[in-house]
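Participant: Quick note, the sequences are listed as chains S and Z, same order.
Position 31 of the first sequence, counting from 1, maps to 456 under this note's numbering, and the rest follow consecutively.
Position 62 of the second sequence, counting from 1, maps to 86 under this note's numbering, and the rest follow consecutively.
For glycine and all other residues, C-beta sits at the position ideal for the given N, C-alpha and C.
Here you go, one structure.
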Amino acid sequence: MSQVRVLVGTHKGAFLLTADGKREQWTVNGPFFAGWEIYHLKGSPADPNRIYASQTSGWFGQIIQRSDDGGRNWTPVGNKFAYEGATGTHKWYDDTPHPWEFKRVWHLEPSPDDPDIVYAGVEDAALFRTADGGQSWQELPALRNHGTAAGWHPGAGGLGLHTILLDPVHAGRIYIAISAAGAFRSDDAGQSWRPINRGLHSTYLPDPDAEVGHCVHRIALHRSRPDVLYMQKHWDVLRSDNGGEQWREVSGNLPTDFGFVIDVHAHEPETIYVVPIKSDSEHFPLDGQLRVYRSRSGGDAWEALTQGLPQRNCYVNVLRDAMAVDTLDDCGIYFGTTGGQVYVSPDGGDHWRTIAHDLPAVLSVEVQTLP
Amino acid sequence: MTIQVILPAHLRTLAGVSGDVGLALTGPATIAAVLDALEARYPVLRGTVRDQVTGQRRPFVRFYACEEDLSLEPAETPLPDAVIAGQEPFWIVGAIAGGT
């Protein structure tokens, strides 16, 4: 019978949650790397026992951990993230120039084909790559050297490159997103980049339709239709049907279109999920009710999913990397909260149950579907 | 000479050690020499005490010895005699800096 392994990064360590395909009885292992912030863990699609973790600390900097046995044992690998060439400046919060400084790895994206190849999205925003299983990391500097980069501002959480999508069909196509620079696309494996923010409208910008500067929170795609992209922006949920060339808002009847996560059903490319958050000044659900919203039409028309989720006095947040889907049939949906809860719906969102109640604040959730 | 180094708990865990670390130095006993020896013995600690690119002490890491704060001293500063003699340890401390 199939199994699932949920990789949870939290404010104070990593946890591995496992269950069989029914997803009813769960085993919680951890904390791994106790006391450290684990921004993200992700397994290699080419070798599910190979898992990478970003372990970081305001005191002691960045560590990258690697497991070759499904998370039982871990080995620190390379942690030197050196920008290539002159680093230049981006804009600081007060609009003054600020030198590019490496702070942490926000997101790790293993290659679908080679367990030794991994991309790392870092703060201050840049894209790194390893081809030796994490022992050494090289920057793909064209992104940071983009002509708009000197004008990028950090989001409230920093100038983080938080989303990396490796196009499964178009060889060499990579999508990334940066808070608060926006979304970018490369068609040549990271050698050159261009902003893909046409159609985004952000009233917090002097020019709401600017080429860059939009606070994109998350982008998602379905493997079968990688030209269709879904985006949760600071405010607004959007979609693109042409690889990001043009976006249109699909917030529709959402009660609020602020939020962080967005993800796509594993088997239904038009079924998408968001967790609406009240506002950018109140990072908790509307009316104290934790509701996932599902659209079966790729946006515009949304339904609230509440069965098993707290519907009173709930004031947690769901951060941008904290939702994932498995590939079982029915598709399982997972998300974690800043209150330390991890929820699963084993039936595409209709019913939810709590896997863990009291973990540290959840920063990221990934799931592996295992044979 | 052997310098006794006391690491903060997270770095002891990372390095896989349970107590003080004794580091043998052959050249001048300076702050930089201690850190070089520490990173040579425990490569996993590279980048955790000082930046790997700039060599600068990480902002929330402090160096103490003989009840003195050596954090702001130049890296080539000689260690106190009592540390060189093995009578006092060299402390690497994670600063008390709030946090959650």
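Any contact of the segment 467 to 474 of chain S with the segment 501 to 512 of chain S, i.e. 3+ C-beta pairs under 8 Å?
Facilitator: With the cut-off at 8 Å, the segment 467 to 474 of chain S and the segment 501 to 512 of chain S do not touch.
Participant: For chain S, check one thing: does any of its Cβ atoms lie closer than 9 Å to the Cβ of glycine 71 of chain Z?
Facilitator: The count along the second sequence starts at 1 and reaches residue 71 of chain Z at position 47. With 9 Å as the cut-off, glycine 71 of chain Z counts as an interface residue toward chain S.
Participant: When you compare only the Cα positions, how much space is there between proline 83 of chain Z and lysine 528 of chain S?
Facilitator: Residue 83 of chain Z sits at position 59 when you count from the first residue of the second sequence. Residue 528 of chain S sits at position 103 when you count from the first residue of the first sequence. Looking at the two C-alpha atoms, the distance is approximately 12 Å.
Participant: Comparing alpha-carbon positions, which option in S:Leu591, S:Thr443, S:Ala781 and S:Val637 lies nearest glycine 572 of chain S?
Facilitator: Sequence index remark: in the first sequence, residue 572 of chain S carries index 147 (1-based). Nearest option by C-alpha distance: S:Val637.
Participant: In whole angstroms, what separates the C-alpha of serine 561 of chain S from that of threonine 555 of chain S?
Facilitator: In the first sequence, the residue the question calls residue 561 of chain S occupies position 136. In the first sequence, the residue the question calls residue 555 of chain S occupies position 130. Cα to Cα, serine 561 of chain S sits roughly 6 Å from threonine 555 of chain S.
Participant: Would you call glutamine 80 of chain Z buried or exposed, if buried means 16 or more other Cβ atoms sit within 10 Å of its Cβ?
Facilitator: As a working note, residue 80 of chain Z is residue 56 in the second sequence. The residue is exposed, with fewer than 16 neighbouring Cβ atoms inside 10 Å.
Participant: To the nearest whole angstrom, what separates the beta carbons of serine 536 of chain S and alanine 471 of chain S, a pair I think is in contact under 8 Å?
Facilitator: In the first sequence, the residue the question calls residue 536 of chain S occupies position 111. In the first sequence, the residue the question calls residue 471 of chain S occupies position 46. Serine 536 of chain S to alanine 471 of chain S, Cβ: 7 Å. Contact.
Participant: So arginine 610 of chain S packs on glycine 669 of chain S, CB below 8 Å; how close in whole Å?
Facilitator: Taking the first residue of the first sequence as 1, we reach residue 610 of chain S at position 185. Taking the first residue of the first sequence as 1, we reach residue 669 of chain S at position 244. That belief holds up - the Cβ atoms of arginine 610 of chain S and glycine 669 of chain S are roughly 5 Å apart, short of 8 Å.
Participant: For a contact defined as C-beta to C-beta under 8 Å, what are the partners of glycine 764 of chain S on chain Z?
Facilitator: As a first step, residue 764 of chain S is located in the first sequence; it is residue number 339 there, counting from the start. What glycine 764 of chain S touches in chain Z: nothing, since even the nearest Cβ is about 14 Å away.
Participant: Which residues mark the beginning and the end of the beta strand (DSSP E) in which histidine 465 of chain S is found?
Facilitator: The residue labelled residue 465 of chain S in the question sits at position 40 within the first sequence. Start and end: 462 to 468.
Participant: From proline 52 of chain Z to glutamate 91 of chain Z, what distance separates their C-alpha atoms?
Facilitator: To locate residue 52 of chain Z, count along the second sequence from 1; it is residue 28. To locate residue 91 of chain Z, count along the second sequence from 1; it is residue 67. The straight-line gap from Cα to Cα measures roughly 22 Å.
Participant: Run through chain S and tell me which residues come within less than 7 Å of arginine 86 of chain Z, C-beta to C-beta.
Facilitator: One-based indexing of the second sequence puts residue 86 of chain Z at position 62. Chain S residues near arginine 86 of chain Z: none, gap ~10 Å exceeds 7 Å.
Participant: Does any C-beta atom of chain S lie closer than 9 Å to the C-beta of leucine 38 of chain Z?
Facilitator: Residue mapping note: residue 38 of chain Z aligns to position 14 of the second sequence, counting from 1. By this cut-off, leucine 38 of chain Z is an interface position.
Participant: I want to verify the contact list: residues of chain S whose CB lies under 7 Å from the CB of glycine 79 of chain Z, in sequence order.
Facilitator: Here residue 79 of chain Z refers to the residue found at position 55 of the second sequence. Per Cβ cutoff of 7 Å: no residues; glycine 79 of chain Z is ~12 Å from chain S at best.
Participant: Using a cut-off of 7 Å between C-beta atoms, extract the partners of glutamine 487 of chain S located in chain Z.
Facilitator: Your numbering for residue 487 of chain S matches position 62 in the first sequence. Residues of chain Z passing the Cβ test: Gly71.
Participant: What span of residues does the beta strand (DSSP E) with isoleucine 27 of chain Z cover, start to end?
Facilitator: Against the second sequence, residue 27 of chain Z aligns to sequence position 3. Residues 26 to 30.
Participant: What is the DSSP secondary structure of aspartate 712 of chain S, reduced to helix, strand or coil?
Facilitator: For this step, residue 712 of chain S is matched to residue 287 along the first sequence. Helix at aspartate 712 of chain S.
Participant: Buried or exposed for lysine 447 of chain S, going by 16 or more other Cβ atoms inside 10 Å?
Facilitator: Translated into positions along the first sequence, residue 447 of chain S becomes position 22. Flag for lysine 447 of chain S reads exposed.
Participant: What is the DSSP secondary structure of valine 686 of chain S, reduced to helix, strand or coil?
Facilitator: Along the first sequence, one-based indexing puts residue 686 of chain S at 261. Coil, per DSSP.
Participant: Tell me the residue span of the alpha helix (DSSP H) that contains histidine 34 of chain Z.
Facilitator: Position 10 of the second sequence, counted from the start, is the residue given in the question as residue 34 of chain Z. Looking at the DSSP string, the run of the alpha helix (DSSP H) that includes histidine 34 of chain Z is 33 to 39.
Participant: Return the chain-ordered ranges of every beta strand (DSSP E) run that is complete within the segment 458 to 527 of chain S and spans a minimum of 3 residues.
Facilitator: Fully enclosed beta strand (DSSP E) runs of 3 or longer: 462 to 468, 476 to 482, 486 to 492, 514 to 516 and 522 to 524.
Participant: For alanine 545 of chain S, does the three-state DSSP call read helix, strand or coil?
Facilitator: Here residue 545 of chain S is taken as the residue at index 120 of the first sequence, counted from 1. If DSSP states are grouped into helix, strand and coil, alanine 545 of chain S belongs with the strands.
Participant: Taking beta-carbon pairs under 7 Å, can you tell me which members of the segment 503 to 523 of chain S lie near chain Z?
Facilitator: Answer in chain order: Asn504, Lys505 and Ala507.
Participant: The alpha helix (DSSP H) with serine 65 of chain Z in it runs from where to where?
Facilitator: For this step, residue 65 of chain Z is matched to residue 41 along the second sequence. Residue identity differs from the one stated: residue 65 of chain Z is arginine in this sequence, not serine. It spans 55 to 65 - the alpha helix (DSSP H) in which arginine 65 of chain Z sits, taken as one unbroken run.
Participant: If you draw a straight line from the alpha carbon of arginine 719 of chain S to that of alanine 39 of chain Z, how long is it in whole angstroms?
Facilitator: Mapped onto the first sequence, residue 719 of chain S falls at position 294. Mapped onto the second sequence, residue 39 of chain Z falls at position 15. Approximately 46 Å between the Cα atoms of the pair.
Participant: Using CA coordinates, which residue listed in S:Leu730, S:Thr762, S:Arg737 and S:Ser789 is at the minimum distance from tryptophan 777 of chain S?
Facilitator: The residue labelled residue 777 of chain S in the question sits at position 352 within the first sequence. Minimum Cα distance to tryptophan 777 of chain S is reached at S:Leu730.
Participant: Between S:Glu462, S:Ile488, S:Thr481 and S:Asp493, which lies nearest to arginine 475 of chain S when the distance is taken from Cα to Cα?
Facilitator: Locating residue 475 of chain S in the first sequence gives position 50, where the first residue counts as 1. Ranking the options by Cα distance to arginine 475 of chain S, first place goes to S:Asp493.
Participant: Return the chain-ordered list of same chain residues with a C-beta closer than 7 Å to the C-beta of glycine 677 of chain S, the five sequence neighbours on each side being excluded.
Facilitator: Position 252 of the first sequence holds residue 677 of chain S. Counting only Cβ-Cβ distances below 7 Å, and skipping sequence neighbours, we find Gly724, Asp725, Ala726 and Trp727.
Participant: First and last residue of the alpha helix (DSSP H) that includes isoleucine 108 of chain Z?
Facilitator: Numbered from its first residue, the second sequence carries residue 108 of chain Z at position 84. Taken as a continuous stretch (DSSP letters only), the alpha helix (DSSP H) holding isoleucine 108 of chain Z covers 105 to 108.
Participant: If you run the structure through DSSP and keep just helix, strand and coil, what is alanine 575 of chain S?
Facilitator: The count along the first sequence starts at 1 and reaches residue 575 of chain S at position 150. Note: alanine 575 of chain S maps to helix in three-state DSSP.
Participant: Give the single residue among S:Gln487, S:Trp577 and S:Asp538 whose Cα lies nearest to the Cα of proline 522 of chain S.
Facilitator: Here residue 522 of chain S refers to the residue found at position 97 when the first sequence is read from its first residue. Measuring from the Cα of proline 522 of chain S, the nearest candidate turns out to be S:Trp577.
Participant: Residue range of the beta strand (DSSP E) that phenylalanine 84 of chain Z falls in?
Facilitator: Taking the first residue of the second sequence as 1, we reach residue 84 of chain Z at position 60. Note, phenylalanine 84 of chain Z: premise wrong, no beta strand (DSSP E); not H, not E.
Participant: I need the straight-line Cα distance from leucine 679 of chain S to isoleucine 489 of chain S, nearest angstrom please.
Facilitator: As a working note, residue 679 of chain S is residue 254 in the first sequence. As a working note, residue 489 of chain S is residue 64 in the first sequence. C-alpha separation (whole angstroms): 38 Å.
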